[in-house]
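Numbering (my numbering), first residue to last: 21 to 221.
Before any comments, here is the structure.
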């Protein structure tokens, strides 16, 4: 029978760059056994601890001749999964995710239905700010991100160029705009309708 250490090592080796939580391996054995296996693999440099409870096997890039680590947005998603939070990027993070900004933020900020949390990952802050459930759980993740991007731009700073860029992001959203956006502020409803019109042209 393959040991728990070898099973975990094999999973990391088959999926370089994927983020794993210790929780992902509890089906293999007791909590203490899994923690001991993860600790051993990390000490042997066969996997890398990226945050408390999160690990990966970095991908090696032949082009860059170096190892690459997961994107901060992926770290945030994994943390949310680990703690069963619903999250959505906000502010500059939302602008970056929707393609309205190519600037890499120094802080990755998310609204969350979980508690306030702050993490430091590769010299970047990942911040979760508590908000009421209705701000994120009433909509799909994609629409929540779009709403946060619109808020980040502000009511008086949305030009046709931004409308066109956001219409590209809107393609992946399935909500029925006639009914699902009615609880939003009127100005955000108006922006979303303009985006939808551009998409339908």
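Note that CB positions come from ideal geometry on N, CA and C, so glycine has one too.
**Message:** Quick check on DSSP: helix, strand or coil for residue 68?
**Reply:** As a working mapping, residue 68 is identified with position 48 in the chain shown. Note: residue 68 maps to strand in three-state DSSP.
**Message:** In whole angstroms, give me the CA-to-CA distance for residue 145 and residue 138.
**Reply:** On the chain shown, residue 145 is found 125 positions in, with the first residue counted as 1. On the chain shown, residue 138 is found 118 positions in, with the first residue counted as 1. Distance between the alpha carbons of residue 145 and residue 138 is about 7 angstroms.
**Asked** How would you call residue 45, buried or exposed, if buried means at least 16 neighbouring beta carbons within 10 angstroms?
**Response** As a first step, residue 45 is located in the chain shown; it is residue number 25 there, counting from the start. In this structure residue 45 is buried. Its beta-carbon is surrounded by 16 or more other beta-carbon atoms within 10 angstroms.
**Request:** Could you work out which residue in 202, 63, 199, 189 is closest to residue 215 when comparing CA atoms only?
**Result:** Here residue 215 refers to the residue found at position 195 of the chain shown. Comparing Cα positions, the closest option is 189.
**Prompt:** Nearest CA to the CA of residue 40: which residue from 49, 173, 133, 78?
**Reply:** Taking the first residue of the chain shown as position 1, residue 40 is located at position 20. Among 49, 173, 133, 78, the Cα nearest to that of residue 40 belongs to 78.
**Asked** At what residue ranges does the region 113-199 contain a whole run of the alpha helix (DSSP H), taking only runs of 4 or more?
**Response** 161-173, 180-190
**Prompt:** Among 129, 192, 152, 48, which has the Cα closest to the Cα of residue 94?
**Reply:** Position 74 of the chain shown, counted from the start, is the residue given in the question as residue 94. Measuring from the Cα of residue 94, the nearest candidate turns out to be 129.
**Request:** Could you tell me whether the Cβ atoms of residue 108 and residue 165 are closer together than 8 angstroms?
**Result:** If you number the chain shown from 1, residue 108 lands on position 88. If you number the chain shown from 1, residue 165 lands on position 145. Yes.
**Asked** Which residues does DSSP pair with residue 79 in a beta bridge?
**Response** In the chain shown, counting from the first residue as 1, residue 79 sits at position 59. 88, per the DSSP bridge assignment.
**Range covered by the beta strand (DSSP E) that runs through residue 107** = One-based indexing of the chain shown puts residue 107 at position 87. That run of the beta strand (DSSP E) goes 107-109.
**Prompt:** Going by DSSP, which residues form a beta bridge with residue 74?
**Reply:** Numbered from 1 along the chain shown, position 54 holds the residue referred to as residue 74. Residue 74 pairs with 41, 71.
**Prompt:** When the distance is taken between beta carbons, is residue 120 closer than 8 angstroms to residue 185?
**Reply:** One-based indexing of the chain shown puts residue 185 at position 165. One-based indexing of the chain shown puts residue 120 at position 100. Taking 8 angstroms as the Cβ cut-off, residue 185 and residue 120 qualify as a contacting pair.
**Asked** When the distance is taken between beta carbons, is residue 67 closer than 8 angstroms to residue 76?
**Response** If you number the chain shown from 1, residue 76 lands on position 56. If you number the chain shown from 1, residue 67 lands on position 47. It is a contact, given that the beta carbons lie within the stated cut-off.
**Asked** Using CA coordinates, which residue listed in 27, 193, 91, 22 is at the minimum distance from residue 125?
**Response** Here residue 125 refers to the residue found at position 105 when the chain shown is read from its first residue. It is 91 whose Cα lies nearest to the Cα of residue 125.
**Prompt:** Taking Cβ positions, are residue 133 and residue 156 nearer each other than 8 angstroms?
**Reply:** For this step, residue 133 is matched to residue 113 along the chain shown. For this step, residue 156 is matched to residue 136 along the chain shown. Yes; because the gap between Cβ atoms is below 8 angstroms, this pair is in contact.
**Beta-carbon proximity check, residue 24 vs residue 57, cutoff 8 angstroms** = Locating residue 24 in the chain shown gives position 4, where the first residue counts as 1. Locating residue 57 in the chain shown gives position 37, where the first residue counts as 1. Result yes, Cβ atoms of residue 24 and residue 57 sit closer than 8 angstroms.
**Prompt:** For residue 14, which of helix, strand or coil comes out of DSSP?
**Reply:** Because the chain spans 21 through 221 in this model, residue 14 falls outside it and cannot be assessed.
**Request:** For residue 50, count neighbouring Cβ atoms within 10 angstroms of its own Cβ and tell me buried if that reaches 16, exposed if not.
**Result:** In the chain shown, the residue the question calls residue 50 occupies position 30. Burial call: exposed.
**Message:** Do residue 98 and residue 61 count as a contact pair if the criterion is CB distance below 8 angstroms?
**Reply:** Taking the first residue of the chain shown as 1, we reach residue 61 at position 41. Taking the first residue of the chain shown as 1, we reach residue 98 at position 78. Annotated as distal: residue 61 and residue 98, with beta-carbon spacing of 8 angstroms or more.
**Message:** Please identify the residue among 32, 142, 131 whose C-alpha is closest to the C-alpha of residue 71.
**Reply:** Residue mapping note: residue 71 aligns to position 51 of the chain shown, counting from 1. Ranking 32, 142, 131 by Cα distance to residue 71 puts 142 first.
**Message:** My assumption, with CB atoms under 8 angstroms, is that residue 170 sits in contact with residue 218. Please give the rounded CB distance.
**Reply:** Sequence index remark: in the chain shown, residue 170 carries index 150 (1-based). Sequence index remark: in the chain shown, residue 218 carries index 198 (1-based). Wrong, their Cβ atoms sit about 14 angstroms apart, outside the cutoff.
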